[in-house]
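S.K.:
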Amino acid sequence: MFKSLFIAAVMAASSLIQVQGRIDSAGAASVVEPAIMTGAEQPQVYLPMLEGERVGLFSNHTGVVGDRHTLDVLREGGIDVACVFAPEHGFRGTADAGEHVASGVDSKTGVRVVSLYGPGRAKAMAEAMKDIDVVVVDIQDVGLRYYTYYCTMLELMNEAARTGRRVLVLDRPNPNGMTVDGPVLDMKYESGVGRLPIPVCHGMTMGELARMIVGEGWLKDGRTVALDVVPCKGYTHSSRYRLPVSPSPNLPNMTAIYLYPSICFFEATPASLGRGTDFPFQVYGHPDMRGYKFEFTPQSRPGAKNPPQLGRLCHGVDLRGVTDDEAIAQGVNLEYIIDAYRNLNASTGIGDKFFTSFFEKLIGRGDIRTMIEQGLSAEEIKATWADDVARFRQQRRPYLLYDEN
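Numbering (the numbering used here), first residue to last: 28 to 432.
So this is what it looks like as structure tokens:
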């Protein structure tokens, strides 16, 4: 009786999402599509699947059910949550990109937190797996190959396969789920920001991607894992889903999320993409760029303690005027990185020192840097991956849970 009442209360609370705000292009509240329901908002489905099991929850601050966290829903539903697995940025989502996140105890709940980002994560994960029966995944991804949350899910799936644990994904929509674009990763560039042979924009939810990992045999040593997915309701790959909270410190609004497939490549250059400002991933610039009126100065702040070009006046381009539709239509747009390369090369002769080796890890191929240096246009370069994208669309089709229309 108590559990039935509890589930009803959770579902009633989560239904408030239908009228509550989500982040929009300016970071302000916005009315959303009321029909979309995440996997985590369906406790009547997954709580019975977890009765009597010890759970390791892979989540962070994005694991929300209305105004509550999935961790609270599980615990109050009588589920034994033995630990929380935390990704990049930590369980509460406040750490800088790339910053080591230590394991510890969540101060709000007292639940053990096992960091899966930084040195020692493999050992910590193996130790924690001894105390659980099932890994529950509930985290908001943004659908990019170099966004590290899916990489952590893959590591957990590999360990679950090795130890005979099962995996349950509480699915969430992909805000870039309408787009499939960019080079498919050449696996010789596999890294912490690229773990699977998929395009930059793969257009899949975490649940769909987990299904593909199993189905394509991408787990280590030919292993497989028992996998269940609680799908979203009312979602399709054409849905315009606005996130309830920022997924990481430097993606504060939907404009940044839609531009992320194009702007992230600046991470492999001396240019700034706006870290340390109020508009990260919505601008680009450098102190030596010439011919631009827009200026900004990166400063140290939470989530960007030591941003590129810290304290230096940068000249560049403000992309905040790009509409959502325009940003989505661009997919992976190399015009911005090409513009910065040409401008800086003309003003400083930076040449082959513009790109670091990180560029190949982000773009996923070894020939695109040369194409840019040789003067090819963004459209010409995009054409080189069109066939790979078409093949990937067919390859992923058996694993999709949602209509593409």
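Using N, Cα and C, we set each Cβ at its ideal position, and we do this for glycine too.
Only a predicted model underlies this, so the values are computations on that prediction, with no experimental measurement involved.
Rounded to the nearest angstrom, what separates proline 202 and arginine 192 at their Cα positions?
M.R.: Stepping through the sequence shown from its first residue, residue 202 is reached at position 175. Stepping through the sequence shown from its first residue, residue 192 is reached at position 165. Between proline 202 and arginine 192, the C-alpha separation is close to 30 angstroms.
S.K.: Using a Cβ-Cβ cutoff of less than 7 angstroms, which residues in the same chain neighbour threonine 411 once the five nearest sequence positions on both sides are dropped?
M.R.: Here residue 411 corresponds to residue number 384 of the sequence shown, with the count starting at 1. Result list for threonine 411: empty, nothing under 7 angstroms.
S.K.: Could you pull out every unbroken alpha helix (DSSP H) segment of at least 4 residues lying fully inside the segment 129-156, listed in chain order?
M.R.: 148-156
S.K.: Do three or more CB pairs link the segment 296-315 to the segment 370-384 at distances below 8 angstroms?
M.R.: yes
S.K.: Got a sec, what are the start and stop residues for the alpha helix (DSSP H) phenylalanine 118 sits in?
M.R.: In the sequence shown, the residue the question calls residue 118 occupies position 91. Where phenylalanine 118 is concerned, there is no enclosing alpha helix (DSSP H), given that its DSSP letter is neither H nor E.
S.K.: By how many angstroms is the C-alpha of methionine 156 removed from the C-alpha of leucine 197?
M.R.: Here residue 197 corresponds to residue number 170 of the sequence shown, with the count starting at 1. Here residue 156 corresponds to residue number 129 of the sequence shown, with the count starting at 1. In a straight line, the C-alpha of leucine 197 is about 19 angstroms away from that of methionine 156.
S.K.: Classify arginine 418 as helix, strand or coil using the three-state DSSP reduction.
M.R.: One-based indexing of the sequence shown puts residue 418 at position 391. DSSP places arginine 418 within a helical segment (H, G or I) once states are collapsed to three.
S.K.: With alanine 373 as the anchor, note down where its alpha helix (DSSP H) starts and where it stops.
M.R.: Taking the sequence shown and counting its residues from 1, the one referred to as residue 373 is at position 346. Note, alanine 373: alpha helix (DSSP H), 362-375.
S.K.: Where lysine 332 and glutamine 326 are concerned, what is the direct C-alpha to C-alpha distance, given to the nearest angstrom?
M.R.: Reading the sequence shown from its first residue, position 305 is the one you call residue 332. Reading the sequence shown from its first residue, position 299 is the one you call residue 326. Answer to the nearest angstrom: the Cα atoms are 8 angstroms apart.
S.K.: Run through DSSP, which three-state label would tyrosine 268 get?
M.R.: Position 241 of the sequence shown, counting from 1, holds the residue named residue 268. The three-state secondary structure of tyrosine 268, taken from DSSP, is coil.
S.K.: From arginine 339 to glycine 303, what distance separates their C-alpha atoms?
M.R.: On the sequence shown, residue 339 is found 312 positions in, with the first residue counted as 1. On the sequence shown, residue 303 is found 276 positions in, with the first residue counted as 1. If I take the Cα positions, the gap works out to 11 angstroms.
S.K.: Can you tell me whether aspartate 165 is buried or exposed, with buried defined as 16 or more other CB within 10 angstroms of its CB?
M.R.: As a working mapping, residue 165 is identified with position 138 in the sequence shown. Residue environment analysis places aspartate 165 among the buried positions, since at least 16 neighbouring C-beta atoms fall within 10 angstroms of its C-beta.
S.K.: With H, G and I counted as helix, E and B as strand and the rest as coil, what does DSSP make of methionine 398?
M.R.: In the sequence shown, counting from the first residue as 1, residue 398 sits at position 371. Three-state DSSP puts methionine 398 in a helix.
S.K.: Taking all protein chains shown into account, do 16 or more other C-beta atoms lie within 10 angstroms of the C-beta of alanine 283, making it buried, or fewer, making it exposed?
M.R.: Residue numbering aside, residue 283 sits at position 256 when the sequence shown is read from its first letter. Its Cβ being crowded by 16 or more others within 10 Å, alanine 283 is buried.
S.K.: Taking DSSP's pairing of strands, which residues face lysine 260 in a bridge?
M.R.: Translated into the one-based positions of the sequence shown, residue 260 becomes position 233. For lysine 260, the pairing in a beta bridge is given by DSSP as Met64.
S.K.: Based on Cα-Cα distance, which residue from Leu286, Arg328, Arg423, Pro329 lies nearest to isoleucine 355?
M.R.: Your numbering for residue 355 matches position 328 in the sequence shown. Comparing Cα-Cα distances from isoleucine 355 to each of Leu286, Arg328, Arg423, Pro329, the minimum goes to Leu286.
S.K.: Once DSSP output is grouped into helix, strand and coil, what is the label at proline 288?
M.R.: Translated into the one-based positions of the sequence shown, residue 288 becomes position 261. Of the three classes helix, strand and coil, the one that applies to proline 288 here is helix, per DSSP.
S.K.: Output yes or no for whether 8 angstroms exceeds the beta carbon distance between glycine 391 and leucine 212.
M.R.: Along the sequence shown, one-based indexing puts residue 391 at 364. Along the sequence shown, one-based indexing puts residue 212 at 185. Yes, Cβ-Cβ distance for glycine 391 and leucine 212 is below 8 angstroms.
S.K.: Give me the Cβ distance between arginine 148 and cysteine 178, rounded to the nearest whole Å; I'm assuming they're in contact under 8 angstroms.
M.R.: To locate residue 148, count along the sequence shown from 1; it is residue 121. To locate residue 178, count along the sequence shown from 1; it is residue 151. Rounded, the Cβ-Cβ distance is 11 angstroms, inconsistent with contact.
S.K.: State the DSSP-derived secondary structure class of phenylalanine 308, mapped to helix, strand or coil.
M.R.: Reading the sequence shown from its first residue, position 281 is the one you call residue 308. DSSP places phenylalanine 308 in coil when its eight states are reduced to three.
S.K.: Would you identify the three-state DSSP class for proline 226, choosing helix, strand or coil?
M.R.: Walking along the sequence shown from the start, residue 226 turns up at place 199. Proline 226 falls in the strand class under three-state DSSP.
S.K.: In or out: alanine 67 buried (at least 16 other Cβ within 10 Å) or exposed?
M.R.: Here residue 67 is taken as the residue at index 40 of the sequence shown, counted from 1. Burial call: buried.
S.K.: So methionine 239 packs on arginine 423, CB below 8 angstroms; how close in whole Å?
M.R.: On the sequence shown, residue 239 is found 212 positions in, with the first residue counted as 1. On the sequence shown, residue 423 is found 396 positions in, with the first residue counted as 1. Confirmed, about 6 angstroms.
S.K.: Determine the direct distance from the alpha carbon of glutamate 294 to that of threonine 232, and round the result to whole angstroms.
M.R.: Reading the sequence shown from its first residue, position 205 is the one you call residue 232. Reading the sequence shown from its first residue, position 267 is the one you call residue 294. Roughly 25 angstroms separates the two Cα atoms.
S.K.: Report the partner residues of histidine 313 according to the DSSP bridge assignment.
M.R.: As a first step, residue 313 is located in the sequence shown; it is residue number 286 there, counting from the start. As computed with DSSP, histidine 313 is found in a beta bridge with His342.
S.K.: Any idea which residues DSSP pairs aspartate 107 with across the strands?
M.R.: Residue 107 sits at position 80 when you count from the first residue of the sequence shown. For aspartate 107, which the question treats as bridged, DSSP gives the partners Arg81.
S.K.: If you reduce the DSSP assignment to three classes, tell me which class glutamate 322 lands in.
M.R.: Residue 322 sits at position 295 when you count from the first residue of the sequence shown. If DSSP states are grouped into helix, strand and coil, glutamate 322 belongs with the strands.
S.K.: Looking at the unbroken beta strand (DSSP E) that takes in arginine 193, where does it start and where does it end?
M.R.: On the sequence shown, position 166 is the one that residue 193 refers to. Unbroken beta strand (DSSP E) run through arginine 193: 193-197.
S.K.: Do you know whose CA, among Gln357, Glu407, Thr190, Arg81, lies nearest isoleucine 159's CA?
M.R.: Taking the sequence shown and counting its residues from 1, one reaches residue 159 at position 132. Selected option, being the one with the closest Cα: Arg81.
S.K.: Asparagine 432 by DSSP, collapsed to three states: which one?
M.R.: Within the sequence shown, residue 432 is the residue found at index 405, counting from 1. If DSSP states are grouped into helix, strand and coil, asparagine 432 belongs with coil.
S.K.: Just to confirm, is the Cβ distance from serine 208 to glycine 358 under 8 angstroms?
M.R.: Numbered from 1 along the sequence shown, position 181 holds the residue referred to as residue 208. Numbered from 1 along the sequence shown, position 331 holds the residue referred to as residue 358. In the sequence under discussion, the amino acid at residue 208 is aspartate, which differs from the serine named in the question. Result yes, Cβ atoms of aspartate 208 and glycine 358 sit closer than 8 angstroms.
S.K.: Take every Cβ of the segment 108-115, pair it with every Cβ of the segment 139-147, and state whether three or more of those distances are shorter than 8 angstroms.
M.R.: At 8 angstroms Cβ cutoff, the stretches touch.
S.K.: Could you tell me how far apart the beta carbons of isoleucine 365 and alanine 405 are, in whole angstroms, since I believe they sit closer than 8 angstroms?
M.R.: For the purposes of this step, residue 365 is taken as residue 338 along the sequence shown, with counting starting at 1. For the purposes of this step, residue 405 is taken as residue 378 along the sequence shown, with counting starting at 1. Yes, they are in contact, since the Cβ atoms of isoleucine 365 and alanine 405 sit about 6 angstroms apart, within 8 angstroms.
S.K.: What does the Cβ neighbour count give for lysine 409, buried or exposed, with the cut at 16 atoms within 10 Å?
M.R.: In the sequence shown, counting from the first residue as 1, residue 409 sits at position 382. So lysine 409 counts as buried.
S.K.: Taking 7 angstroms as the line, does the beta carbon of glycine 261 fall inside it for any heavy atom of the ligand FAD?
M.R.: No copy of the ligand FAD appears in this structure; indeed no ligand is present at all.
S.K.: Look up alanine 253 in the DSSP assignment and say whether it is helix, strand or coil.
M.R.: As a first step, residue 253 is located in the sequence shown; it is residue number 226 there, counting from the start. The answer is strand: DSSP assigns alanine 253 an E or B state.
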